Amino acid sequence: MIKAEPKTILSFIHQHYDLLKELFLAQSKNNTIDYEFLNNEIEKCGVEIKNQLFEYQIIKNINDEYQITDVYYNLFEFILQQFKPLLPEEIEKYVQSITNLFIKIKEDIGKDKNILIERIDSLTNEIDKFLSQVKNNTSSLLVKSRDLKANIDNIDYQEKIHKASFWIEYYIIPLNNIIDIHNSESIYNILLIISEYTNEKRLNFHDENIRLKFERLYNRLKQALIDIRQQSEILVNELIPLIERIKTENLILKGMHHYLSKGLWYKKNSPQKELLQKFRDNVLSNDFELSTKEYFEQFQLEENVFINDENHSFEDWIFDKFKYKERMVESLPIQNFFEWIMTEIKSENADFNTSQYFTMVSLLFEKDINIEYQKQYEKVIIEKDNTELTIPVLKITKDED
Amino acid sequence: MKIEYPKYHYDIVKSLLDGKFILFPGKLYKTVLEGENKEFYTDFFKESFDYELIVETEYLYLISDNTDEKTSRDIMTFISILSYEIDKEGKNFFDELNSSFFNLERINQYFDNSHSWHEIIKASKQISSPESRKSLIYNTMLKRNIIERIGDNFQFTKAHKVFLNFALELTKIDDKVKSTYPQQSL
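Keeping their order, the protein sequence lines are chains H and E.
Numbering of the first sequence is given in the numbering used here, commencing with residue 1 and proceeding in unit increments.
Numbering of the second sequence is given in the numbering used here, commencing with residue 1001 and proceeding in unit increments.
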């Protein structure tokens, strides 16, 4: 029995709102308020109010701890819009009571008028309570999921996966099963059946008072069906994708941790199929002819220098370009240009050197010939200078153009 | 026999063989998905090179069975460490990779201050120094269309999701992977 005036209690709540809010938050977190916490909070506010807290039945003793009484707890839940998610089992009890009341109304429809009115009122109230619980639950699950996404509590990815899986398994999916409009056994479909029955009775029941009661119930049911559809949409379109995404994101981090910590980044045979490495272009280049010329040009002397040594024992060899070009043209087609040069130079000067050899190669730069690369290389040894060259096999033909 | 090739055929083949991702909604991406082109290119790369063409809703790319390839491993290591450090910072790595701007200074801060993966960073030539990271980002990843350069900043393209999906796949085969490498502590 509370002796205080209602206005006094409301004034007390107003005056000590901050303290009561802290107690509410503590209880939301731990289910109870411990002795020390309560004393500290009271000390902070500077006034001894413990007695009033008990007198107005705002808190009660539970063994060595305290708890805010249900009515005040619900009040704070409501004004702070911080509802603790209910287990689906707690919500499901309304489905049971709604179903039972409906069965009773149907069975006893022709019996006592007063009990019929009581049952119709109870059914209306149960539907209201059920809807209120579903809305509160959906909204608190959304807040919790968004907090988890923003990682307000700064928890690691493993814990996030655990929490996301927990919310999905024990709260969101079961709640969705209860209200799922596509599930024939869900509350939505039970309410549809009740709505059809109520619609009929509000129009043709013989007693006017009861017709009005059915009319009121029918209107509540119409709104309830709209509300359930909305809540189901929030669950399916927003909450489930959000929590699944949190789970996926953190599974990705888990996979990355696995990749780094188990040495897959290092191991040769990782399970990953490989992205394609840059394709190496091994096709023959169409400027090979120019490249070959450039290669030999580097060995070419800018000017021919002739040194006359009166004491030499061999005959001087002088490159007569016109003579060799004429011979080359006569010999066309030449299957292997470098082999041909070797034969030519040897026929006149068996003791030729590298420089003389390259001088002969300059015939390649003459006009009126076509050069074809034969896709093979061969070695040439010039004994005098102990030189070994790797050269391409070039076919020379007459340029008809 | 005269074969009619799809428009941009040369660019499509060259890009993919260069290891590039072709991104939606570019003209190359649209061409591959037009009419029967997807089937054509799938067969074309399989028959010509024994490569698999992967077509996703936001990008497409080639993969091979070549286990000598190191680039994708380097990028995976880079993105894994980066994601981890972003998460440690209290930010959502998924959103950051998807839409945030990065620059070399920010990247270097993450990698230079990463205690968890210090040993791996040191052992991986492509990410061990600011210079090597710069080269990985602005040469390798830029050329492959994994990032897009915007002034001094860069942003990941949707192609980065290949590496996130790979991480997701790893959690599924967790039990099958037998490790021979010592575990790192977090």
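Glycine included, each C-beta is placed from N, C-alpha and C at the ideal position.
Everything numeric in this text was worked out from a predicted model, so none of it was measured.
Practice item. Using a threshold of 7 Å, state whether the C-beta atoms of E372 (chain H) and K325 (chain H) are closer than that. Key: One-based indexing of the first sequence puts residue 372 (chain H) at position 372. One-based indexing of the first sequence puts residue 325 (chain H) at position 325. No Cβ-Cβ contact shorter than 7 Å links E372 (chain H) with K325 (chain H).
Check your understanding: Between I1120 (chain E) and chain H, is there a C-beta pair that is closer than 7 Å?
Key -> By one-based count along the second sequence, residue 1120 (chain E) stands at place 120. Yes, I1120 (chain E) lies at the interface with chain H (some Cβ there is under 7 Å from its Cβ).
Exercise for review: Mind listing the chain E neighbours of K254 (chain H)? Cutoff is C-beta to C-beta under 7 Å, in chain order.
Suggested key: Counting from 1 along the first sequence, the entry for residue 254 (chain H) is found at position 254. Correct list: T1171.
**Study point:** Per-residue DSSP class, three states only, for L1060 (chain E)
**Key:** Residue numbering aside, residue 1060 (chain E) sits at position 60 when the second sequence is read from its first letter. Three-state DSSP puts L1060 (chain E) in a strand.
Practice item. Starting from the N-terminal side, write out each stretch of the beta strand (DSSP E) that is 3 residues or longer and does not extend beyond the region 16-93 of chain H. Key: 59-62 and 65-68
**Study point:** Euclidean distance between Cα positions of Y188 (chain H) and K104 (chain H)
**Key:** Taking the first residue of the first sequence as 1, we reach residue 188 (chain H) at position 188. Taking the first residue of the first sequence as 1, we reach residue 104 (chain H) at position 104. Approximately 19 Å, taken between the alpha carbons.
Point to revise | Collapsed DSSP secondary structure at F1021 (chain E) in the structure displayed | key: By 1-based counting over the second sequence, the position of residue 1021 (chain E) is 21. Coil, per DSSP.
Review point. Around the C-beta of S313 (chain H), are 16 or more other C-beta atoms found within 10 angstroms, so that it is buried, or is it exposed?
Key: Here residue 313 (chain H) refers to the residue found at position 313 when the first sequence is read from its first residue. Any reading at S313 (chain H) must be qualified, since the residue scores a pLDDT of 46, below 50, and its modelled position is unreliable; no value is offered.
Point to revise | chain E residues whose Cβ lies nearer than 8 Å to that of N154 (chain H) | key: In the first sequence, the residue the question calls residue 154 (chain H) occupies position 154. Residues of chain E passing the Cβ test: G1090.
**Study point:** Nearest-angstrom Cβ-Cβ length linking A164 (chain H) and K247 (chain H), presumed shorter than 8 Å
**Key:** Within the first sequence, the letter at position 164 stands for residue 164 (chain H). Within the first sequence, the letter at position 247 stands for residue 247 (chain H). So it is a contact: roughly 4 Å between Cβ atoms.
Practice item. Under 8 Å by Cβ, that's how I've got L191 (chain H) and L235 (chain H) pegged, so tell me the actual separation to the nearest angstrom. Key: For the purposes of this step, residue 191 (chain H) is identified with residue 191 of the first sequence, where counting begins at 1. For the purposes of this step, residue 235 (chain H) is identified with residue 235 of the first sequence, where counting begins at 1. Not confirmed; about 17 Å, so no contact.
Practice item. Please classify P85 (chain H): is it buried, with 16 or more other beta-carbons within 10 angstroms of its beta-carbon, or exposed? Key: Here residue 85 (chain H) refers to the residue found at position 85 of the first sequence. So P85 (chain H) counts as buried.
Point to revise | Bridge-paired residues (DSSP) for R1149 (chain E) | key: By one-based count along the second sequence, residue 1149 (chain E) stands at place 149. Beta-bridge partners assigned by DSSP to R1149 (chain E): E:F1154.
Exercise for review: Specify whether the region 1057-1077 of chain E and the region 1016-1025 of chain E touch according to this definition: at least 3 beta carbon pairs, one from each stretch, less than 8 Å apart.
Suggested key: Verdict: yes, contact present.
Review point. Anyone know if the C-beta pair for Q374 (chain H) and V361 (chain H) falls short of 7 Å?
Key: Start at 1 with the first residue of the first sequence, and residue 374 (chain H) comes out as number 374. Start at 1 with the first residue of the first sequence, and residue 361 (chain H) comes out as number 361. Taking 7 Å as the Cβ cut-off, Q374 (chain H) and V361 (chain H) do not qualify as a contacting pair.
Check your understanding: At a Cβ threshold of 7 Å, is L148 (chain H) touching chain E?
Key -> Here residue 148 (chain H) is taken as the residue at index 148 of the first sequence, counted from 1. Not an interface residue.
Review point. Ends of the beta strand (DSSP E) at N370 (chain H)?
Key: Position 370 of the first sequence, counted from the start, is the residue given in the question as residue 370 (chain H). Note, N370 (chain H): beta strand (DSSP E), I369 to I382.
Check your understanding: Since T390 (chain H) is in the beta strand (DSSP E), which residue starts that stretch and which ends it?
Key -> Taking the first residue of the first sequence as 1, we reach residue 390 (chain H) at position 390. Counting along the chain, the beta strand (DSSP E) containing T390 (chain H) begins and ends at T387 to K398.
Practice item. For S1083 (chain E), go through chain H and note every residue whose CB falls closer than 9 Å to its CB, in chain order. Key: The residue labelled residue 1083 (chain E) in the question sits at position 83 within the second sequence. The answer, in chain order, is I252, L253 and M256.
Review point. Got a sec: which bits of the region 237-249 of chain H sit with their beta carbon under 9 Å from any beta carbon on chain E, in order along the chain?
Key: R245, T248 and E249
Point to revise | Beta-bridge pairing of F1102 (chain E) - partner residues as DSSP gives them | key: For the purposes of this step, residue 1102 (chain E) is taken as residue 102 along the second sequence, with counting starting at 1. Per DSSP, E:F1154.
Point to revise | Inter-residue Cα distance where the pair is L87 (chain H) and N176 (chain H) | key: Within the first sequence, the letter at position 87 stands for residue 87 (chain H). Within the first sequence, the letter at position 176 stands for residue 176 (chain H). Taking the straight line joining both Cα atoms gives about 12 Å.
Point to revise | Of the residues E:E1039, E:G1035, E:I1079 and E:F1049, the one placed nearest K1014 (chain E), counting alpha carbons only | key: As a first step, residue 1014 (chain E) must be located in the second sequence, where it is residue number 14. The candidate whose alpha carbon is nearest that of K1014 (chain E) is E:F1049.
Practice item. Please work out which residues of its chain come closer than 7 Å, Cβ to Cβ, to Q376 (chain H), disregarding the five sequence neighbours upstream and downstream, and give them in chain order. Key: Taking the first residue of the first sequence as position 1, residue 376 (chain H) is located at position 376. Answer for Q376 (chain H): V393, listed in chain order.
Point to revise | Residue from H:I59, H:M1 and H:A4 with nearest C-alpha to N19 (chain H) | key: For the purposes of this step, residue 19 (chain H) is identified with residue 19 of the first sequence, where counting begins at 1. The sequence given here has Leu at residue 19 (chain H), not Asn. Minimum Cα distance to L19 (chain H) is reached at H:I59.
Review point. Taking Cβ positions only, does A1167 (chain E) come closer than 7 Å to chain H?
Key: Taking the first residue of the second sequence as position 1, residue 1167 (chain E) is located at position 167. By this cut-off, A1167 (chain E) is an interface position.
Check your understanding: What distance in whole Å lies between the Cβ atoms of Y66 (chain H) and T32 (chain H), which are believed to be in contact at a cut-off of 8 Å?
Key -> Here the question's residue 32 (chain H) lines up with position 32 in the first sequence. Here the question's residue 66 (chain H) lines up with position 66 in the first sequence. Indeed they touch by this definition, with Cβ atoms about 7 Å apart.
Practice item. State the CB to CB distance for the pair F102 (chain H) and Y56 (chain H), rounded to an integer number of angstroms; the pair is presumed to be in contact (CB under 8 Å). Key: For the purposes of this step, residue 102 (chain H) is taken as the residue at position 102 of the first sequence. For the purposes of this step, residue 56 (chain H) is taken as the residue at position 56 of the first sequence. That belief does not hold up - the Cβ atoms of F102 (chain H) and Y56 (chain H) are roughly 40 Å apart, past 8 Å.
Practice item. My understanding is that I341 (chain H) touches I369 (chain H), with C-beta atoms under 8 Å, so please give their C-beta distance in whole angstroms. Key: One-based indexing of the first sequence puts residue 341 (chain H) at position 341. One-based indexing of the first sequence puts residue 369 (chain H) at position 369. About 13 Å separates the two Cβ atoms, so there is no contact after all.
Check your understanding: How do the region 1029-1048 of chain E and the region 1072-1084 of chain E stand: do at least 3 beta-carbon pairs fall below 8 Å, yes or no?
Key -> no
Review point. By Cβ distance below 8 Å, which residues in the same chain neighbour Q158 (chain H) in space, the five residues on each side in sequence not counted?
Key: Position 158 of the first sequence, counting from 1, holds the residue named residue 158 (chain H). Answer for Q158 (chain H): N250 and K254, listed in chain order.
Check your understanding: By DSSP, does I2 (chain H) sit in helix, in strand, or in coil?
Key -> Sequence index remark: in the first sequence, residue 2 (chain H) carries index 2 (1-based). Three-state result, I2 (chain H): coil.
Point to revise | Under the three-state DSSP convention, the category E107 (chain H) falls into | key: The sequence position of residue 107 (chain H) within the first sequence is 107, counting from 1. In the structure shown, E107 (chain H) sits in a helix (DSSP, three-state: H, G or I).
Check your understanding: Does the Cβ of L203 (chain H) have 16 or more other Cβ atoms within 10 Å, making it buried, or fewer, making it exposed?
Key -> Looking up residue 203 (chain H) in the first sequence gives position 203. Burial call: exposed.
Check your understanding: Distance, Cα to Cα, Y1181 (chain E) vs L260 (chain H)?
Key -> For the purposes of this step, residue 1181 (chain E) is taken as residue 181 along the second sequence, with counting starting at 1. For the purposes of this step, residue 260 (chain H) is taken as residue 260 along the first sequence, with counting starting at 1. Low local confidence applies: a pLDDT of 33 at Y1181 (chain E) is under 50, so the model's placement there is unreliable, and no value is given.
Point to revise | Close Cβ partners of N1103 (chain E) (< 6 Å) along its chain, the five nearest in sequence each way excluded | key: Here residue 1103 (chain E) refers to the residue found at position 103 of the second sequence. Spatial neighbours of N1103 (chain E) in its own chain (CB-CB distance under 6 Å, excluding positions within 5 residues in sequence) are listed in chain order as D1152 and N1153.
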